[in-house]
Amino acid sequence: MTRLLILGATGSIGTTALDAVRNGKAEGIVIAGLAASSSPSLPGLGNEFNAPYAYLRGCDTAEVRAFIKETEPDIILNAIAGKEGLPASAAAAEMGIDIALANKESVVMGGRFLLSMAKQSGSRIIPVDSEHSAIYHLLKGRKARRLILTASGGPFIDRRDTGGVTVEEALAHPTWKMGKKITIDSATLANKGLEVMEASLLFGFPPESIEVTIHRQSVVHSAIETEEGAVYALMSPPDMSLPILTAILGEGHGLRNIVQPLPFSSGFSLTFSGWDRAQFPMLGMAYDALRGGDGMRIAYTAADEAVVNAFLDGRIAFSDIPEIVRQTLSAPYPAVCSSLGMIMEVSSEASMAAEALC
Ligand SMILES: NC(=O)c1ccc[n+]([C@@H]2O[C@H](COP(=O)([O-])OP(=O)(O)OC[C@H]3O[C@@H](n4cnc5c(N)ncnc54)[C@H](OP(=O)(O)O)[C@@H]3O)[C@@H](O)[C@H]2O)c1
215 MTRLLILGAT GSIGTTALDA VRNGKAEGIV IAGLAASSSP SLPGLGNEFN
265 APYAYLRGCD TAEVRAFIKE TEPDIILNAI AGKEGLPASA AAAEMGIDIA
315 LANKESVVMG GRFLLSMAKQ SGSRIIPVDS EHSAIYHLLK GRKARRLILT
365 ASGGPFIDRR DTGGVTVEEA LAHPTWKMGK KITIDSATLA NKGLEVMEAS
415 LLFGFPPESI EVTIHRQSVV HSAIETEEGA VYALMSPPDM SLPILTAILG
465 EGHGLRNIVQ PLPFSSGFSL TFSGWDRAQF PMLGMAYDAL RGGDGMRIAY
515 TAADEAVVNA FLDGRIAFSD IPEIVRQTLS APYPAVCSSL GMIMEVSSEA
565 SMAAEALC
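Take 215 as the starting number for the sequence shown in my numbering and just add one per residue.
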């Protein structure tokens, strides 16, 4: 049995993982522990899964470490939303525990600091994001010259004027049901920007070798292109159960019928198209931030989180998001951030700068 600790157990990813265990889709998993930040549903989940639970903040590494020690997991699903997921990932990596990583902010902000700590301790970082999960599996035994990340395009792909967009409209994602932060990021394509950065760091590809294509159906989760020009893609219905469970248990370890089969005999259509920097400035800025070094990636992540919260709170308009991030990124940030303290310092500096513009 694989002992699983879930950080962010009450959110969208945490709930999908627990549903899979509840419904018998993941018989090889036993819940070692559950954590969330404040949701009242946590004690009920602890009782249901007969597992210890804790309210903790991801940024309190002492608390995270203590809970990891108490629960003795084989693997941790880090499904915390936002930048406080990084200190939790760092604690797990330092302790040599494998991480099924949904919290993309961990890699985008932690970069080489997190990855080299994991390498040293022997902790494996296995991506849960459907795009990175696809690439992770496609790269096994294959060399690629290019990564192709798919993006649904979010709710405003056909709407150029986003001036009067309401929070409700921005939260209405066409293909995925997710937490609020990632859903707003999917509407601006900042989520794809974070994913481009995550893919670059996790798989060692430069920004010019990572392409984004708009694929509205969210069936092709991403693709790789080999030197010969062949493209290998991973397809499945849009359901996070598959990348979550394969990250935790691995392929071919007793997982069966996790998602519905695709309806090949009745037929379905897949479309791909390019994206435009004028329509999605947050994605363009993410490529720039990736080229700009550690501080720029951290500042992008922190500024984006601050403006998304300001939009959700009704303090700024949806169309203000890219301009506030652009202004925040116009300040200089260090090219190399080699400790957690320095990363979190740059992050709070950028958060405060973005907040001041909201
Ligand atoms: N949802 C998806 O389909 C999806 C797909 C790919 C990647 N991801 C990534 O997975 C992560 C989680 O996304 P989500 O959609 O599941 O988010 P979510 O629904 O908002 O859930 C977030 C979870 O994190 C907990 N949490 C929030 N802030 C915390 C903090 N400071 N310290 C500790 N726990 C905290 C929340 O606890 P409370 O409920 O107590 O607040 C909740 O359990 C994000 O990084 C996202 O980008 C999500």
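Heads up, the beta-carbon is just placed ideally off N, CA and C, and yes, glycines get one too.
Exercise for the section: Provide the residue span of the beta strand (DSSP E) that contains residue 439, from first to last. Expected result: It spans 434–439 - the beta strand (DSSP E) in which residue 439 sits, taken as one unbroken run.
Practice task
Note down, in chain order, each residue of its chain lying with its Cβ closer than 6 Å to the Cβ of residue 550, except the 5 sequence neighbours on either side.
Solution key: 508
Handout entry: the stretch 401–414 / the stretch 341–353 touching (three or more Cβ pairs under 8 Å)
Key = yes
Handout entry: Residue closest to residue 536, alpha-carbon to alpha-carbon, out of 399, 556 and 554
Key = 399
Problem - Where residue 315 sits in the DSSP three-state scheme - result: strand
Practice task
Step through the CB atoms of chain B and report whether any lies within less than 8 Å of the CB of residue 533.
Solution key: No chain B appears in this structure, which consists of one protein chain only.
Practice task
Using 7 Å as the cut-off, classify the Cβ of residue 439 as near or not near the heavy atoms of ligand 1, replying yes or no.
Solution key: Residue 439 Cβ: outside cutoff for every heavy atom of ligand 1.
Problem - Limits of the alpha helix (DSSP H) - the one that residue 563 falls within - result: Following the DSSP letters along the chain, one finds residue 563 inside the alpha helix (DSSP H) bounded by residues 554–571.
Exercise for the section: Classify residue 450 as buried or exposed, calling it buried when 16 or more other Cβ atoms lie within 10 Å of its own Cβ. Expected result: Here residue 450 is buried: its Cβ has 16 or more other Cβ atoms, across all protein chains shown, within 10 Å.
Problem - Touching by the beta-carbon criterion (3+ pairs, under 8 Å), the stretch 322–339 and the stretch 468–476 - result: no
Problem - Where residue 247 falls: helix, strand or coil (DSSP) - result: strand
Handout entry: Those runs of the alpha helix (DSSP H) which lie wholly inside the stretch 257–342 and span at least 4 residues
Key = 275–285, 299–308 and 318–335
Practice task
Kindly list the residues whose CB is nearer than 8 Å to the CB of residue 463, restricted to its own chain and excluding five residues on each side of it in sequence; keep chain order.
Solution key: Answer for residue 463: 216, 240, 242, 243 and 469, listed in chain order.
Handout entry: heavy atom of ligand 1 below 7 Å from residue 406 C-beta
Key = no
Handout entry: One or two residues paired with residue 360 in a DSSP bridge
Key = 439
Problem - 6 Å CB neighbourhood of residue 494 in its chain, flanking five on each side removed - result: 403
Handout entry: Cβ-Cβ distance between residue 247 and residue 265 below 8 Å
Key = yes
Exercise for the section: Going by CA-CA distance only, name the one from 560, 378 and 340 that's closest to residue 528. Expected result: 378
Exercise for the section: Express the C-alpha separation of residue 332 and residue 423 in angstroms, rounding to a whole number. Expected result: Approximately 25 Å between the Cα atoms of the pair.
Problem - Neighbourhood of residue 482 by C-beta distance below 8 Å, restricted to the same chain and skipping five residues each side - result: 431, 433 and 476
Practice task
Determine the burial state of residue 261: buried for a count of at least 16 other Cβ atoms within 10 Å of its Cβ, exposed for fewer.
Solution key: exposed
Problem - Burial state of residue 292 (16 or more Cβ within 10 Å) - result: Result: buried.
Exercise for the section: Could you tell me how far apart the beta carbons of residue 393 and residue 272 are, in whole angstroms, since I believe they sit closer than 8 Å? Expected result: Going by Cβ atoms, the distance from residue 393 to residue 272 rounds to 14 Å, so no, they are not a contact pair.
Practice task
Using beta-carbon positions only, say whether residue 294 and residue 302 come within less than 8 Å of one another.
Solution key: yes
Practice task
Would you kindly work out how many angstroms separate the C-alpha atoms of residue 417 and residue 249, rounded to a whole number?
Solution key: 29 Å
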